[in-house]
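In my numbering, the protein residues as written are 773 to 896. C-beta atoms are modelled at their ideal positions from N, C-alpha and C, and glycine is treated no differently. Quantities reported herein were computed from a predicted structural model and do not represent experimental measurements.
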């Protein structure tokens, strides 16, 4: 049985989807963008946006009863592949030890014209 996960400590869904779903001890997040959930503002610059996106992801996983250390797979969508190294620096602050498997894809456009979006799969 699947269970919807939601929190006001991460950006609300902006469409007909759940922030995350838990099923069989696994948590699958939707894409998380760098919107400050308290203000609705988007920070400027890729480093600040990466910090906000990964902070939002951590809050969402906490609401699901898990954490960043339990993430087994991430997908990072970035607007500009030239930002890859900068995003990696921030990524490595949130994921330590055994890093999750990851895909990173450059895309033409993201919701609200942000510079990155991240999704994750975590164990409970």
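Just to confirm my understanding: we take residue i, look at its own chain, exclude 5 residues before and 5 after, and list those with CB closer than 6 Å. What are they?
i           : result
residue 853 : 878
residue 872 : 843, 844, 845, 846
residue 858 : 818, 819
residue 876 : 848
If I follow the unbroken alpha helix (DSSP H) through residue i, where does it start and stop?
i           : result
residue 865 : 856 to 866
What three-state label does DSSP hand residue i in the structure shown?
i           : result
residue 833 : helix
residue 816 : coil
residue 823 : helix
residue 792 : strand
residue 784 : coil
Taking DSSP's pairing of strands, which residues face residue i in a bridge?
i           : result
residue 877 : 849
residue 843 : 894
Might you give, ordered along the chain, the residues of its own chain that have their beta carbon closer than 8 Å to the beta carbon of residue i, omitting 5 neighbours on each side?
i           : result
residue 838 : 799, 894, 895, 896
Over the uninterrupted beta strand (DSSP E) stretch that includes residue i, give me the two end residues.
i           : result
residue 777 : 775 to 777
residue 888 : 888 to 895
- Query: Counting Cβ pairs closer than 8 Å, one from the region 856 to 871 and one from the region 812 to 829, do we hit at least three?
  - Reply: yes
- Item | Cβ contact (3+ pairs, closer than 8 Å) linking the region 812 to 820 and the region 832 to 848 | no
- Task: Check whether the region 799 to 810 touches the region 885 to 894, taking contact to mean three or more Cβ pairs, one atom from each stretch, closer than 8 Å.
- Result: yes
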